[in-house]
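**Q** Numbered according to my numbering, the sequence shown spans residues 703 to 865.
In this text, a Cβ means the ideal position worked out from N, Cα and C, and glycines have one as well.
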Amino acid sequence: MREIDNIVEAIAQGMFQASMKEKMDALEARKAELEATIAAHPEEDTVLLHPGLADQFRRKVEDLVSSLNDPALKTEAGDLLRSLIDKIILTPDPDAPNGHRVALQGELAGILSFCENGMATNANTRSKATGVRQVTMVAGARFQKYLPLYNTPKPDHAYQINA
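(1) Please determine if the region 736–743 and the region 705–723 are in contact, where contact requires at least 3 C-beta pairs separated by less than 8 Å.
(2) Enumerate, from N- to C-terminal direction, the unbroken alpha helix (DSSP H) stretches of 4 or more residues contained entirely within the region 742–796.
(3) Taking the straight line between their C-alpha atoms, what separation do you get for E705 and I713?
(4) Enumerate in chain order the residues of its own chain whose CB-to-CB distance from T777 is below 7 Å, with the five nearest sequence positions on each side excluded.
(5) Mapping DSSP to helix, strand and coil, what is A734?
(6) Would you mind sorting L783 into buried or exposed? The rule is 16 or more other CB atoms within 10 Å of its CB.
(7) Measuring CB to CB, does D788 end up less than 8 Å from G801?
(8) Assuming A805 is part of the beta strand (DSSP E), what are its boundary residues?
(9) Return the CA-CA distance between V837 and K723, expressed in angstroms with no decimal places.
(10) Report the three-state DSSP secondary structure of A798 (helix, strand or coil).
(11) Can you grab the Cα-Cα spacing for the pair L775 / M703, in whole Å?
(12) Given this structure, state the Cα-to-Cα distance separating V866 from L770, to the nearest angstrom.
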């Protein structure tokens with residue numbers, strides 16, 4: 703901590719006050735407390751994502767849009783998409799299309815499995831991806847969780863997914 707170093711430097715230069723010792727003791731106690739907290743909560747492993755994941759995800763979302771319009775696949779595709787989304791967050795923004803920014807929170811493991819293997823035949827198989835740790839992720843897609851996607855009217859505007 704910088705404050706401890708400053709007090710030590712002041713003492714080395716011949717300056718010493720009784721209040722400096724009290725302050726130094728308090729700072730040393732706080733430092734020990736912080737070090738104990740850090741030791742009790744080891745850093746989690748970093749999740750590394752493939753550099754091409756954003757492009758692959760964009761292609762899969764485009765394929766999913768096609769699947770949602772295919773009568774033979776739209777129910778399964780809608781169920782799969784809803785299973786990957788936990789929460790939709792709308793934030794007012796006058797510069798955004800329709801005045802809102804849309805963020806989705808969802809299952810990273812499922813999204814990665816979806817990108818790697820394509821659309822699974824059963825939405826539950828997404829959780830069994832090997833080597834992928836499940837975490838929460840915010841994605842910038844613009845879909846709605848609680849509405850049947852195939853019955854939702856098409857908007858008058860188009861969204862572009864940026865990587």
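**A** Walking through what the data contain:
(1) The region 736–743 is not in contact with the region 705–723.
(2) Runs of the alpha helix (DSSP H) inside the region 742–796: 755–771 and 776–786.
(3) On the sequence shown, residue 705 is found 3 positions in, with the first residue counted as 1. On the sequence shown, residue 713 is found 11 positions in, with the first residue counted as 1. Looking at the backbone, the Cα of E705 and that of I713 are separated by about 12 Å.
(4) Looking up residue 777 in the sequence shown gives position 75. Counting only Cβ-Cβ distances below 7 Å, and skipping sequence neighbours, we find nothing.
(5) Start at 1 with the first residue of the sequence shown, and residue 734 comes out as number 32. Secondary structure at A734: helix, using DSSP grouped into helix, strand and coil.
(6) For the purposes of this step, residue 783 is taken as the residue at position 81 of the sequence shown. Burial of L783 is indicated by the presence of at least 16 other C-beta atoms within 10 angstroms of its C-beta.
(7) The residue given as residue 788 occupies position 86 in the sequence shown. The residue given as residue 801 occupies position 99 in the sequence shown. Cβ atoms of D788 and G801: not closer than 8 Å.
(8) Counting from one through the sequence shown, the residue named residue 805 turns up at place 103. Note, A805: beta strand (DSSP E), H802 to E809.
(9) Within the sequence shown, numbered from 1, the residue matching residue 837 stands at position 135. Within the sequence shown, numbered from 1, the residue matching residue 723 stands at position 21. A caution first: V837 carries a pLDDT of 39, below 50, which makes its placement in the model too unreliable to give a value.
(10) Counted from its first residue, the sequence shown places residue 798 at position 96. Of the three classes helix, strand and coil, the one that applies to A798 here is coil, per DSSP.
(11) Along the sequence shown, one-based indexing puts residue 775 at 73. Along the sequence shown, one-based indexing puts residue 703 at 1. Separation of L775 and M703 (C-alpha to C-alpha, rounded to the nearest whole angstrom) is 60 Å.
(12) With the chain running from 703 to 865 in the structure shown, residue 866 is simply not present.
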